Ligand code: GLC
Ligand code: CA
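The following block contains the structure:
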């Protein structure tokens, strides 16, 4: 039976309990989605107004980036109160109203949970600062004495992901650990009180009806005993943590075995509420280690960022897809596919400049939506938005910018809804990051109902994905293809992606039912993708 949209009894529907295995999840960067009150900042009421747009787009669920009370040093990933909505986004009533409407429209709601660190403005951290070294208040975080004469050197050589030392000194001479910004102190997850607090936070939101959680920095909570030195740093020439991870190093602050006990306890809680799920944002040194975050007694999914990092080539995509499918099969979990999110340069821009990037971005979307498992879309990719590269430095907000010169603001620019001038219907009072003057043709209104627009391509793909049951679970079979061409079958449907340098005749694969570029007779252009069905006999 093809799945119908808008059909489930909220959360608990037995038949729908496995909805997360083949869902399409749309990431809402709340601050940049829609502004209801003209203050230039997206909010929950703005999201609520636009839920019908997401239902019509054809996604199954939305994931909201953090909307909790926060000084917004790191876009809300610095939480002051995990059980409150920040006034800039609305209040708990707005959250409940938004969730009720989403459910009535058949959309599940996933929210972000940020367990690795709190905001420095959190009551616990403020209490820790006011208390003495060795006090129970300091125990909740990772305070240590420094090294060297007078303890004036940081306790170890760890560096912040956002650049600089991972330690900051407080007036009494102790240091506290922050793997991210100094305003994001790391919690001490060895402490039962910290664990109990987060279990209670999960229940708070589950009781409000959320369908799942996206777990921020899920690999970070536990640190190696004794907080040992890494042994080298960007200062000694080896740069950037993530490349080190890919080299196969297990860092003393990431992906420690102890994190799994936490997620086993979270799974027990999630299982006591039918139909709920959690997806880990986790980085590990190998696909095998990454797969350990999921399974029947841990989390339901983990983001597969290798797909996002694949380069525009048959070999690169094939390798990533094969590896992801093999790992997921081993643990009985669905694979996840992500092309863009709020931390990465938008894929249209990664794949090339101008029209080339857009063509490839559209083709990649068709490829992703034909793969088995779960697809995560990032707001604006359905409009073909590119990264905004020319935001003036003084308007950039990413805390990493000041420390590393790199900024994630370019993918966080408010969505263009309608009209000829910025902020294109985002709200009536400007927007917290400026939208480019070139986006009039990229708005929802400009693409709505326009054949061949990126918006209509996504809508058509999501409609077909829903109708073709084989696209959900099911196997993937690679087909022999021309050089530079990726072709795979999912049940009746074949997906062909032309990553080569010549148009390719797709007749032998079937009859096209959807294509990212117009076909020229039977020729699929370079940087195009098509979905095809067998030609009926007779
Ligand atoms: C995750 C978030 C990112 C944030 C970081 C620290 O990687 O996706 O936006 O800066 O965690 O919380
Ligand atoms: Ca607002």
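In this note's numbering, the protein residues as written are 857 to 1394.
C-beta: ideal position from N, C-alpha, C; glycine also.
This one's a predicted model, so the numbers in the text were calculated from it and none came from an experiment.
Can you tell me whether residue 1157 is buried or exposed? The criterion is at least 16 other CB atoms within 10 Å of its CB, across all chains shown. buried
Nearest-angstrom Cα distance between residue 1030 and residue 996? 14 Å
Return the chain-ordered ranges of every alpha helix (DSSP H) run that is complete within the stretch 1269-1350 and spans a minimum of 4 residues. 1300-1303 and 1310-1323
Less than 9 Å between the C-beta atoms of residue 1327 and residue 878, yes or no? yes
Could you check whether the Cβ of residue 1183 sits closer than 8 Å to any heavy atom belonging to ligand 1? no
Between the stretch 1258-1277 and the stretch 887-896, do three or more beta carbon pairs fall short of 8 Å? yes
Determine the burial state of residue 1034: buried for a count of at least 16 other Cβ atoms within 10 Å of its Cβ, exposed for fewer. buried
Identified DSSP bridge partners for residue 1231: 880 and 1193
Given a threshold of 16 other Cβ atoms within 10 Å of its Cβ, counted over all protein chains shown, does residue 1324 qualify as buried or as exposed? buried
Hey, how far is the Cα of residue 1230 from the Cα of residue 1001? 45 Å
Near residue 1360, which residues of its chain fall below 6 Å by C-beta distance, leaving aside the five closest residues on each side in sequence? 1338, 1341, 1354 and 1380
Please classify residue 1120: is it buried, with 16 or more other beta-carbons within 10 angstroms of its beta-carbon, or exposed? exposed
Let me check understanding here. Comparing Cα to Cα, which of 932, 905, 899 and 1312 lies closest to residue 1254? 932
Pull up the distance between the alpha-carbon of residue 862 and that of residue 963, whole angstroms please. Note on residue 862: pLDDT 48, under 50, position unreliable in the model; the coordinate value appears next. Each residue's Cα considered, the two are about 7 Å apart.
If you draw a straight line from the alpha carbon of residue 967 to that of residue 1138, how long is it in whole angstroms? 16 Å
Please classify residue 894: is it buried, with 16 or more other beta-carbons within 10 angstroms of its beta-carbon, or exposed? exposed
Residue 964 lies in the alpha helix (DSSP H); which residues open and close that run? Looking at the DSSP string, residue 964 is not in any alpha helix (DSSP H); the run it does join, the beta strand (DSSP E), is 964-969.
Check the DSSP bridge columns for residue 1069 and list the partner residues they point to. 967 and 1134
Whether residue 1221 touches residue 1181 by CB criterion (9 Å): no
I want to know whether the stretch 1110-1125 touches the stretch 1043-1059 - three or more CB-CB distances under 8 Å. yes
In the DSSP assignment, the beta strand (DSSP E) including residue 1061 goes from what residue to what residue? Per DSSP, residue 1061 belongs to no beta strand (DSSP E); it is in the alpha helix (DSSP H), 1048-1063.
Exposed or buried, what is residue 1388 when buried is set at 16 or more other beta-carbons lying within 10 Å of its beta-carbon? buried
At 4 residues or longer, what runs of the alpha helix (DSSP H) sit wholly inside the stretch 969-1057? 979-986 and 992-995
Residue 1385 versus residue 1303 - alpha carbon distance: 20 Å
How many Å lie between residue 1317 and residue 1283 at the Cα? 29 Å
Tell me the rounded alpha-carbon separation between residue 1474 and residue 1168. Any question about residue 1474 goes unanswered here, given that the chain covers just 857 to 1394.
For the alpha helix (DSSP H) containing residue 1177, list its first residue and its last residue. 1170-1187
Ligand 1 and residue 1040: does any heavy atom of the ligand fall closer than 8 Å to the residue's C-beta? yes
Proximity of residue 1277 and residue 1301 at Cβ, strictly below 9 Å: no
Let me confirm a value: residue 989 is counted as buried when at least 16 other C-beta atoms fall within 10 Å, else exposed. Which label applies? exposed
Cβ-based burial, residue 1128 [other Cβ within 10 Å; buried from 16]: exposed
Here's the rule I'm using: 16 or more other beta-carbon atoms within 10 Å means buried, otherwise exposed. How should residue 945 be labelled? buried
Verify whether the separation of the beta carbon atoms of residue 1070 and residue 1204 is less than 9 Å. no
For residue 1287 and residue 911, what's the separation of their Cα atoms in angstroms? 25 Å
Answer yes or no: the CB of residue 1118 versus the heavy atoms of ligand 2, is any distance below 8 Å? no
Skipping 5 residues on each side, what residues in its chain have a beta carbon closer than 6 Å to that of residue 952? none
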